[in-house]
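Chemist: If you count the sequence shown from 1, position 40 lands on 40 in full-length UniProt numbering, and the numbers rise without skipping. Positions of the beta carbon are idealized from the N, C-alpha and C atoms, including for glycine.
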Amino acid sequence: MEYPVDPQVQQENRFSDIASLWDRAVGDVLVCFAGLSFTKQPPVASYHDLEHGSPFADQEYAGGLQACVIVRYHESPIGMYDELLWIPGAFRHPGNGKQAYRCTRAYVSKPLAVHSGRKNWNVPKAVMCRL
Numbered sequence: 001m002e003y004p005v006d007p008q009v010q011q012e013n014r015f016s017d018i019a020s021l022w023d024r025a026v027g028d029v030l031v032c033f034a035g036l037s038f039t040k041q042p043p044v045a046s047y048h049d050l051e052h053g054s055p056f057a058d059q060e061y062a063g064g065l066q067a068c069v070i071v072r073y074h075e076s077p078i079g080m081y082d083e084l085l086w087i088p089g090a091f092r093h094p095g096n097g098k099q100a101y102r103c104t105r106a107y108v109s110k111p112l113a114v115h116s117g118r119k120n121w122n123v124p125k126a127v128m129c130r131l
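Right, here's the structure in full:
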């Protein structure tokens with residue numbers, strides 16, 4: 001007898017786990033500074049609609065320098081791929097109150113990079129076209 005398989009579980013298991021050996025990654029990086037923010041909230045489009053009310057977005061915004069980062073990985077644990085990151089500024093860590101810059105949106109050119117980024121770094125990534 002065959003049992004129905006939940007499509008979501010089947011989708012999640014199609015990628016093998018990749019060790020996060022990113023100290024061995026090689027690539028080109030372009031950083032574009034967007035400006036300074038002195039507001040109490042990050043820019044409106046800093047989070048995807050589904051993430052805006054989630055624990056991922058539940059951190060105190062501290063403002064500061066905003067940046068867009070484009071990375072082309074020539075070598076990485078998951079092979080060659082491209083990544084586009086949005087850093088809206090710094091956030092205060094809920095445990096110790098220290099400020100740190102963090103990415104709130106990340107777009108990648110490979111589905112495996114979505115899986116690896118979410119599993120290893122807790123960064124919600126989405127697939128984009130290749131740059």
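Sort 50, 71, 102 by Cα distance to residue 65 and report the nearest one.
Modeler: Among 50, 71, 102, the Cα nearest to that of residue 65 belongs to 102.
Chemist: Taking all protein chains shown into account, decide if residue 125 is buried (16 or more other Cβ within 10 angstroms of its Cβ) or exposed.
Modeler: Buried.
Chemist: Suppose contacts are defined by Cβ-Cβ distances below 7 Å. Is residue 116 in contact with residue 88 by that definition?
Modeler: Taking 7 Å as the Cβ cut-off, residue 116 and residue 88 do not qualify as a contacting pair.
Chemist: What is the DSSP secondary structure of residue 92, counted as helix, strand or coil?
Modeler: Strand.
Chemist: What residues are listed by DSSP as bridge partners for residue 82?
Modeler: In DSSP, residue 82 forms a bridge with 72.
Chemist: Using a beta-carbon distance below 7 Å, is residue 44 in contact with chain B?
Modeler: No chain B appears in this structure, which consists of one protein chain only.
Chemist: Please report the straight-line C-alpha distance between residue 114 and residue 120, rounded to a whole angstrom.
Modeler: Approximately 10 Å, taken between the alpha carbons.
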